[in-house]
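Undergrad: In this text, residue positions in the sequence shown follow UniProt numbering: the first is 1, and each later residue adds one. C-beta: ideal position from N, C-alpha, C; glycine also. All of these numbers come straight from a predicted model, not from anything done at the bench.
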Amino acid sequence: MQNQLFIDGRFVPAVKGGTIEVLSPHDGSLITHIAAAEAEDVDLAVAAAKRAFPAWAALSGAERGRLLLKLADKIEEHQEELAQLESLDTGHPLRDSRSLDVPRTAACFRYFGGMADKIEGAVIPVETGFLNYVQRKPIGVVGQIVPWNFPLMFTSWKMGPALAAGNTVVIKPSEITPLSTLRIAELMKEVGFPDGVVNVVPGYGHSAGQRLAEHEDVGKICFTGSTATGRRIVEASQGNLKRVQLELGGKGANIVFEDANLEAAVNGAAWAIFHNQGQACIAGSRLILHERIADEFLERFIGLARSIRLGSPLDADTEMGPLTSAQHRDRVLAYVDIARAQGGRVLSGGKVPSDPALAHGYYVEPTVVEAQPDHRVAQEEVFGPFVTVLRFSTDEEALAIANGTQYGLGSGLWTRDLQRAHRMAANIHAGMCWINCYKRVSPGSPFGGVGQSGYGREMGFEAIHDYTEARSVWVNV
Ligand code: NAD
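Okay, here's the thing in structure tokens:
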């Protein structure tokens, strides 16, 4: 298991020799110590990325793409090993790591590998006597800071488009879940990525993350994490006015209308909130139910929530694992008290499971709380297996509740009425809307938020645009 920093093509200890404990979310035991990057290490990584940039940018798109395609194949060859590592470090149930995290990571690198030689410019019609063409050029060194909830998948979301477009990368995984990113760096070396093109600097946000965000040789910072940290990133980036892309928090509205297919909606709503223990920015964490079907829906939904098998993430039968850290489990449980204090009703869960086999891990029962739209649990991101139920009687009311937070990332609607579905989708203030499904993602479809969920888009051509500069050339013909 790799536990050092990856700088300029080599695994090295941190300059000051600091380390961070990586703990198992299943029982709190020590998995390993990793080197803790600080400002000096980030400086070395940025310098390596800066040196590597001209040659990497000068490669043809097809050559860069070939390496990304080889990496995608390599990830698939190591599918089981990567799935085990991700589950060990994050607490994702192995069945999800195998069927979602690893295949999606490979698919995303493959998508951007295929796109690397298709980054086209344009010829713009201008006045007679002049030719104007636009080329898309890489930005330079990009800094990428990611959270702990989907560390493996985020390597591909972040690095795939950046590298395809010809940038070099310094990526800082979360100090809590660095292991799969370091393994991907090893695989990148194996398939032949040149030294310095990718550098991995796990470390704390206030030191390594802060330095990366403020570094004067970093041309763009792409951040995924909480809205509060996103604000700090914007401040830190001001010195050299670097480009900033922010993928921040969410409070996904998942609306079930009275004409919905209830069985599909119940299953979809459970997936929307309980997948990955609710630790997803796009989680359907507000379940907004039409008053006519609310009671029947809740009866079925709570039955389903109670039947979810909690257990060790490394057990192939487990449906829901632990939260990723003890601190985060305590934060989620605190929201149960906050809900009660404001008059919310805990309909199910709300505590740690009684199974003694799980007593040392960071587990929380699937939790269903009924509240009012202005309550804190209907406004703030809990980021756990905690869903807030709200009721409505008209479409207008549903829309007002859905749009009544600072966030705008994921959203969902369940209805058989086609006109209503399109009307609502057009008016929901969110970067993504799923109709009669939830949490679909694809490397080709833009992913990102509006409002305080951030700006910029991952995936697809949108991501390539976000990792390139448009250069306009005028020719007097
Ligand atoms: P966080 O903001 O605490 O940390 C995210 C990353 O930022 C970590 O690597 C951390 O070390 C680093 N960091 C912390 N302080 C920093 C600072 N001052 N300067 C630079 N870097 C710093 O978030 P988290 O708790 O790790 O992750 C959960 C959050 O991420 C949730 O709000 C969730 O919604 C959000 N998220 C958003 C998306 C999206 O695509 N919109 C996806 C996943 C998670």
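Quick one: is C437 buried, meaning 16 or more other Cβ sit within 10 Å of its Cβ, or exposed?
TA: exposed
Undergrad: Would DSSP call T105 helix, strand or coil?
TA: helix
Undergrad: Please classify E296: is it buried, with 16 or more other beta-carbons within 10 angstroms of its beta-carbon, or exposed?
TA: exposed
Undergrad: So does the stretch 376-391 actually touch the stretch 276-292, counting three or more Cβ pairs closer than 8 Å?
TA: Three or more pairs of CB atoms, one per stretch, sit closer than 8 Å, so the stretch 376-391 contacts the stretch 276-292.
Undergrad: For E299, count neighbouring C-beta atoms within 10 Å of its own C-beta (all shown protein chains included) and say buried if the count is 16 or more, exposed if not.
TA: exposed
Undergrad: Using only the alpha-carbon positions, how far apart do I273 and R292 sit?
TA: Note on geometry: alpha-carbon atoms of I273 and R292 lie some 22 Å from one another.
Undergrad: Taking Cβ to Cβ, would you say G344 is nearer than 8 Å to E365?
TA: Contact flag unset, no.
Undergrad: Whole angstroms are fine: how far does the CA of W56 sit from the CA of G9?
TA: Spanning the alpha carbons of G9 and W56 requires a straight line of approximately 14 Å.
Undergrad: Measuring CB to CB, does I7 end up less than 8 Å from N199?
TA: yes
Undergrad: Between E175 and the ligand NAD, is there a pair consisting of the residue's CB and a ligand heavy atom that are separated by less than 7 Å?
TA: yes
Undergrad: Between the beta-carbon of G410 and the beta-carbon of I282, is there less than 8 Å?
TA: yes
Undergrad: Tell me whether the stretch 57-72 and the stretch 101-117 touch, counting them as touching only if at least three CB pairs, one residue from each stretch, are closer than 8 Å.
TA: The stretch 57-72 vs the stretch 101-117: in contact.
Undergrad: Taking the alpha carbon of Q372 as the reference point, which residue from D217, E397, S97 has its own alpha carbon closest?
TA: E397
Undergrad: State the start and end residues of the unbroken alpha helix (DSSP H) segment that holds N427.
TA: From DSSP, the alpha helix (DSSP H) with N427 extends over 418-427.
Undergrad: Does the beta-carbon of A426 have 16 or more other beta-carbons within 10 angstroms, so that it is buried, or is it exposed?
TA: exposed
Undergrad: Here's a check: name, in chain order, each residue in its chain whose Cβ is nearer than 6 Å to the Cβ of M432, leaving out the five neighbours to either side.
TA: Counting only Cβ-Cβ distances below 6 Å, and skipping sequence neighbours, we find G410.
Undergrad: How would you call T128, buried or exposed, if buried means at least 16 neighbouring beta carbons within 10 angstroms?
TA: Around the beta carbon of T128, a 10 Å sphere encloses fewer than 16 other beta carbons of the protein chains shown; the residue is thus reported as exposed.
Undergrad: Out of P125, V142, D96, which one is the CA nearest neighbour of A316?
TA: D96
Undergrad: Run the proximity test for R95: is its beta-carbon closer than 7 Å to any non-hydrogen atom belonging to the ligand NAD?
TA: R95 Cβ: outside cutoff for every heavy atom of the ligand NAD.
Undergrad: Tell me which residues share the same chain as residue 484 and place their Cβ nearer than 7 Å to its Cβ, disregarding the 5 neighbours each side in the sequence.
TA: The structure shown has nothing for residue 484, since the chain only spans 1 to 477.
Undergrad: On a CA-only basis, which of I255, R51, R306, G303 is nearest V169? Give me that one, please.
TA: For V169, the nearest C-alpha among the options comes from R51.
Undergrad: Using a Cβ distance threshold of 8 Å, determine whether the stretch 243-259 contacts the stretch 404-419, with at least three qualifying pairs required.
TA: yes
Undergrad: Using CA atoms only, rank isn't needed, just tell me which of K172, Q327, W148, P138 is closest to A164.
TA: The shortest C-alpha separation from A164 is found at P138.
Undergrad: Just to check, is the beta-carbon of I34 closer than 7 Å to a non-hydrogen atom of the ligand NAD?
TA: Using a cutoff of 7 Å, the CB of I34 does not count as near the ligand NAD, since none of the ligand's heavy atoms is closer than that.
Undergrad: Locate the beta strand (DSSP E) running through V389, then write down its first and last residues.
TA: 386-392
Undergrad: The alpha helix (DSSP H) spanning H92 covers which residue range?
TA: No alpha helix (DSSP H) holds H92; DSSP gives it neither H nor E.
Undergrad: One question on the structure: do P25 and Y362 come within less than 8 Å of each other, judged by their Cβ atoms?
TA: Here P25 is near Y362, since their CB atoms are less than 8 Å apart.
Undergrad: May I ask you to report which of helix, strand or coil DSSP gives A273?
TA: The question names Ala, yet the displayed sequence has Ile at residue 273. Helix at I273.
Undergrad: Evaluate L212 with the Cβ neighbour count: other Cβ atoms within 10 Å of its Cβ, from every protein chain shown; 16 or more gives buried, anything less gives exposed.
TA: buried
Undergrad: Let me make sure I understand the geometry here. Which of H206, L100, P93 has the alpha-carbon closest to that of E76?
TA: L100
Undergrad: A14 and A37: beta carbons closer than 8 Å?
TA: yes
Undergrad: What is the rounded straight-line gap between the Cα of G196 and the Cα of I34?
TA: 20 Å
Undergrad: I believe V369 touches V377 by the beta-carbon criterion, under 8 Å. Please report the beta-carbon distance rounded to the nearest angstrom.
TA: 6 Å
Undergrad: Using the rule of at least 16 other Cβ atoms within 10 Å of the residue's Cβ for burial, across every protein chain shown, is N149 buried or exposed?
TA: buried
Undergrad: With distance defined between alpha-carbon atoms, name the residue in P178, R423, R183, G143 nearest to residue 483.
TA: Here the chain comprises residues numbered 1 to 477, so residue 483 is not present and cannot be evaluated.
Undergrad: Quick check on the burial criterion: 16 or more other C-beta atoms within 10 angstroms. Buried or exposed for M424?
TA: buried
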